[in-house]
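Take 596 as the starting number for the sequence shown in our numbering and just add one per residue. Worksheet for the structure shown next.
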Amino acid sequence: MGRQVEETLKPKCEPPDFSVDILRFIAIFLVILVHSSGFPYRFLNPQITPMDVVNWTTVSVYDALGMMGVPLFVMLSGALLLNPIKADEPLRVFYKKRLERIGLPFVFWTVVYFVWTFAVLGWPLTFFNIGQGLLTGSYYHLWFLYLLMGLYAVTPILRVLVKHLDRNLFRLLLILWFAGTVTTPFIHTFTSFHFDPVLFVFFDWVGYYLLGIYLVRANFSRSKTILVAVLGLLGAVFGDWVVTATMGESMTGYFHNYMSATMIIASVAFFYYLTTIKPNRLENRPKLNRFVQWISQNTLPIYLIHMLVLVTFTNGLFGVYVNTLVYLPLIDVPVFAVIVFVTSAAIVYVLKKIPYVTKLVG
Numbered sequence: 596m597g598r599q600v601e602e603t604l605k606p607k608c609e610p611p612d613f614s615v616d617i618l619r620f621i622a623i624f625l626v627i628l629v630h631s632s633g634f635p636y637r638f639l640n641p642q643i644t645p646m647d648v649v650n651w652t653t654v655s656v657y658d659a660l661g662m663m664g665v666p667l668f669v670m671l672s673g674a675l676l677l678n679p680i681k682a683d684e685p686l687r688v689f690y691k692k693r694l695e696r697i698g699l700p701f702v703f704w705t706v707v708y709f710v711w712t713f714a715v716l717g718w719p720l721t722f723f724n725i726g727q728g729l730l731t732g733s734y735y736h737l738w739f740l741y742l743l744m745g746l747y748a749v750t751p752i753l754r755v756l757v758k759h760l761d762r763n764l765f766r767l768l769l770i771l772w773f774a775g776t777v778t779t780p781f782i783h784t785f786t787s788f789h790f791d792p793v794l795f796v797f798f799d800w801v802g803y804y805l806l807g808i809y810l811v812r813a814n815f816s817r818s819k820t821i822l823v824a825v826l827g828l829l830g831a832v833f834g835d836w837v838v839t840a841t842m843g844e845s846m847t848g849y850f851h852n853y854m855s856a857t858m859i860i861a862s863v864a865f866f867y868y869l870t871t872i873k874p875n876r877l878e879n880r881p882k883l884n885r886f887v888q889w890i891s892q893n894t895l896p897i898y899l900i901h902m903l904v905l906v907t908f909t910n911g912l913f914g915v916y917v918n919t920l921v922y923l924p925l926i927d928v929p930v931f932a933v934i935v936f937v938t939s940a941a942i943v944y945v946l947k948k949i950p951y952v953t954k955l956v957g
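Listed below in structure tokens is the structure:
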């Protein structure tokens, strides 16, 4: 990659020298953005117009941007929790902290979304639906809590690994993860070959998790990493455009997948760029700084509640209806995302004023 951008790992990892608050703020908004966009426009149909293509591309761009949100959260968790100076933390202490963080919110929001889906949305109340909800989440965005529990479970092991891996072995591990993660779905999707994934097993999200600590100990060109992020996003949009046009709408979304090469490249580069923002970036704007800090401290409950808000608006529940895709998605989608974001934050703010509720909501 050239001498200027070659990474050099620091001998040890100290407390983060970047704005965790700004990174979390951006990540939670991107998550809400991806859920606010969707893919409502049909790219291939006899009545297609130039405006249909523009709208499809616009939504595709927002979707690609939003898909970076969860990887940013996972990499940030890796940057904070896999710090080598924490490798000697007792297991009991570590797991107790994590349980206190997500244990009660997991139970509370699982119950809330069961009630929501069965009583409000009218889903069939069956043993199968309850069992499936317990296994994968009572609403689809709750999969993130299961992901966190899995990452927390292996964190003590990964801490020891990170502490003792030298620079070259760490890089090799990440290269192998990237190759295995990207290759298997690509072969399954675009060829007729049947490739047994057990021949090349890598845990998808563990790679992002490890990348977090790797990237905060590396040194890349800031300007070039943002360029790489943009190229990754453009690759996702253009790749889906080509695949949809040539292979049909059933293939739409492949290049927007969390584990596609385009999204990994974009997310990793953007994460590194965000880690170059110093903690004192907003110190001259105290009101904005306090707002960003509050959002950062409450990203978990905002994430957990935002689907209630979003579905309420889009389905017209309780007399509230917002259609983001009637006029111009270029403006409608981000405006709707802001509405959901602000509304979710406001509800969380109120809930946290209620005694005994703070620990339940997250």
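Note that beta-carbon positions come from the ideal geometry of N, C-alpha and C, so glycine has one too.
So what's Lys607 in DSSP terms, helix, strand or just coil? No answer about Lys607 holds up, because its pLDDT of 48 lies below 50 and its placement is not dependable.
Pairwise C-alpha distance: Thr652 and Arg637: Unreliable positioning characterises Arg637 in this predicted model, as indicated by a pLDDT of 48, which lies under 50. A coordinate reading is not provided.
Under three-state DSSP, which class holds Met670? helix
Could you tell me how far apart the beta carbons of Gly959 and Thr784 are, in whole angstroms, since I believe they sit closer than 8 Å? Because the chain here runs from 596 to 957, residue 959 falls outside it and cannot be looked at.
Under 8 Å, do Leu923 and Leu660 count as touching if we go by C-beta distance? no
Anyone know if the C-beta pair for Val863 and Asp616 falls short of 8 Å? no
By Cβ distance, which residues of its chain are closer than 6 Å to Phe668, with the 5 residues on each side in sequence left out? Ala622
For Val937 and Val956, believed in contact at Cβ under 8 Å, the rounded distance: Contact flag wrong, Cβ pair sits at about 17 Å.
Looking at the structure shown, is Phe613 part of a helix, part of a strand, or coil, going by DSSP? coil
Touch check for the stretch 763 to 772 and the stretch 738 to 745: three-plus C-beta pairs under 8 Å? no
Taking Cβ to Cβ, would you say Lys947 is nearer than 8 Å to Ser614? no
Segment contact, 8 Å Cβ cut-off, at least three pairs: the stretch 665 to 683 with the stretch 743 to 760: yes
Between the CA atoms of Arg762 and Tyr690 - distance to the nearest angstrom: 28 Å
Where does Leu955 fall in DSSP's three states? helix
Exposed or buried, His759, counting other C-beta atoms within 10 Å across all chains shown (16 or more means buried)? exposed
Which of helix, strand or coil does DSSP assign to Asn678? coil
If you draw a straight line from the C-alpha of Ala940 to the C-alpha of Tyr898, how long is it? 9 Å
Could you check whether Val928 and Met631 sit closer than 8 Å to each other, using their CB atoms as the reference points? Here residue 631 turns out to be Ser, not Met, going by the sequence shown. Contact: yes.
N- and C-terminal bounds of the alpha helix (DSSP H) containing Trp960: Since the first and last residues shown for the chain are 596 and 957, residue 960 lies out of range.
Could you tell me whether the Cβ atoms of Val626 and Val665 are closer together than 8 Å? yes
Tyr804 to Phe703, Cα distance in whole Å? 26 Å
Hey, could you find the ends of the alpha helix (DSSP H) Ile900 is sitting in? Thr894 to Asn910
Using three-state DSSP, classify Glu684 as helix, strand or coil. coil
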